[in-house]
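Asks:
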Amino acid sequence: MTQENINGATATAEPRPLAARLKEETAGAHSEAENSDFMSRLLGGELDKQAAIDLTSQLYFVYEALEPALRATSESAQVEAVYDARLERLDALASDLEYMIGTDWRESIEPVEATKNYAERLRSIEDSGDANAALAHHYVRYLGDLSGGQVIAKMLGKHYGIGAEGTNFYSFAEIGKIKPYRDAYRARVSDLDVSPEDKDAIVEEAKVAFRLNREIFAELG
Numbered sequence: 001m002t003q004e005n006i007n008g009a010t011a012t013a014e015p016r017p018l019a020a021r022l023k024e025e026t027a028g029a030h031s032e033a034e035n036s037d038f039m040s041r042l043l044g045g046e047l048d049k050q051a052a053i054d055l056t057s058q059l060y061f062v063y064e065a066l067e068p069a070l071r072a073t074s075e076s077a078q079v080e081a082v083y084d085a086r087l088e089r090l091d092a093l094a095s096d097l098e099y100m101i102g103t104d105w106r107e108s109i110e111p112v113e114a115t116k117n118y119a120e121r122l123r124s125i126e127d128s129g130d131a132n133a134a135l136a137h138h139y140v141r142y143l144g145d146l147s148g149g150q151v152i153a154k155m156l157g158k159h160y161g162i163g164a165e166g167t168n169f170y171s172f173a174e175i176g177k178i179k180p181y182r183d184a185y186r187a188r189v190s191d192l193d194v195s196p197e198d199k200d201a202i203v204e205e206a207k208v209a210f211r212l213n214r215e216i217f218a219e220l221g
């Protein structure tokens with residue numbers, strides 16, 4: 001992309017940082033997921049504790065597929081930039097489910113169809129080693145957990161009496177203060193030395209990730 005300067009010469013415009021593109025170009029898909037009927041009612045205190053259990057159950061199946069895909073691509077430039085084992089959520093989800101359901105929680109949950117579709121896509125990323133797609137899903141899920149997830153934890157406590165023992169999923173004590181971590185995460189994404197085509201692919205897959213999350217919320221609703 002070029003632009004003409006005041007002397008009539010042509011200069012190359014600076015491309016937008018990838019983190020900015022991800023935020024701006026997925027804003028619509030993000031809003032649709034965040035403001036889905038299910039999530040709006042859950043956070044508004046209009047549902048019940050079972051709805052919180054249902055959400056946690058589906059997230060367990062998502063992360064069960066997500067985290068192996070990220071480990072499989074962790075040596076790529078894209079995923080290496082953000083990969084941090086301290087972010088992994090599967091054990092925290094298992095702990096939350098055991099607290100909310102009991103020791104037989106694993107036999108008490110099953111994925112809805114939308115969750116199966118999401119997990120299938122994540123497993124295909126693991127199989128193919130698609131680092132662009134892996135980064136996109138890392139961004140959508142973990143950065144969301146570090147942002148809006150903190151609000152969700154507060155609302156689950158406020159409306160449904162689910163305290164810290166049942167919201168380990170949203171606790172990131174290991175990484176320290178969340179805002180500096182998020183800022184550094186975005187900076188690393190923007191500093192990635194990958195092609196424009198790779199960046200386009202990352203943005204497009206992030207839109208897919210938001211859609212897949214939204215479809216889970218729709219089915220839960």
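For the sequence shown, the UniProt record's numbering assigns the number 1 to the initial residue and increments by one for each residue that follows. C-beta: ideal position from N, C-alpha, C; glycine also. Quick caveat: nothing in here was measured; it's all calculated off a predicted structure.
1. From this set, SER95, ALA173, LEU135, GLN50, which residue's C-alpha is nearest residue 260's C-alpha?
2. For the alpha helix (DSSP H) holding ILE202, just list the boundary residues, first then last.
3. Using 8 angstroms as the threshold, is the segment 55–72 in touch with the segment 81–100, meaning 3 or more CB pairs across them?
4. Check PHE172 in the structure and name its three-state DSSP category.
5. Measure from the alpha carbon of ARG211 to the alpha carbon of each residue in TYR181, ALA184, GLN50, TYR118, then state which is nearest.
6. Do PHE18 and SER147 have their CB atoms nearer than 9 angstroms?
7. Which residue from SER74, ALA133, TYR181 puts its Cα closest to that of ASP145?
8. Measuring alpha carbon to alpha carbon, tell me which of ASP48, LEU87, ASP200, ALA65 ends up nearest LYS116.
9. Are the beta-carbon atoms belonging to LEU93 and LEU59 less than 9 angstroms from one another?
10. If the criterion is Cβ atoms closer than 9 angstroms, does the pair ASN132 and VAL194 meet it?
11. Can at least three beta-carbon pairs, one atom from the segment 98–111 and one from the segment 44–64, be found at a separation below 8 angstroms?
12. Please go through the same chain and pick out, in chain order, the residues whose beta-carbon is closer than 8 angstroms to the beta-carbon of LYS158, but skip the five residues on each side of it.
13. Beta-carbon separation of ALA52 and LEU42 under 9 angstroms?
14. Give a yes or no on whether the C-beta atoms belonging to ILE162 and MET100 are separated by under 9 angstroms.
15. Who are the near neighbours of ASN213 in its chain, counting only those whose CB is closer than 6 angstroms to its CB and skipping five residues on each side?
16. Go through its chain and collect everything with a Cβ distance to GLU98's Cβ below 8 angstroms, but skip five positions before and after it.
17. Which whole-angstrom value is the C-beta distance of GLY166 and ASP96, which I expect to be below 8 angstroms?
18. Pick out whichever of ASN168, LEU192, ALA218 has its Cα sitting closest to the Cα of GLY149.
19. Quick check on the burial criterion: 16 or more other C-beta atoms within 10 angstroms. Buried or exposed for GLN50?
Replies: For this structure:
1. Nothing can be reported for residue 260, as the shown portion of the chain is limited to 1 through 221.
2. Boundaries of the alpha helix (DSSP H) around ILE202: 196–220.
3. yes
4. In the structure shown, PHE172 sits in coil (DSSP, three-state: anything other than H, G, I, E or B).
5. Ranked by Cα distance from ARG211, the first of TYR181, ALA184, GLN50, TYR118 is TYR118.
6. Sequence check: residue 18 is Leu here, not Phe. For LEU18 and SER147, no; Cβs fall outside 9 angstroms.
7. TYR181
8. ALA65
9. The beta carbons of LEU93 and LEU59 sit closer together than 9 angstroms.
10. yes
11. yes
12. GLY45
13. yes
14. yes
15. ALA33
16. Around GLU98: TRP105.
17. About 5 angstroms; that satisfies the 8 angstroms criterion.
18. GLY149 has its Cα closest to that of ASN168, out of ASN168, LEU192, ALA218.
19. exposed
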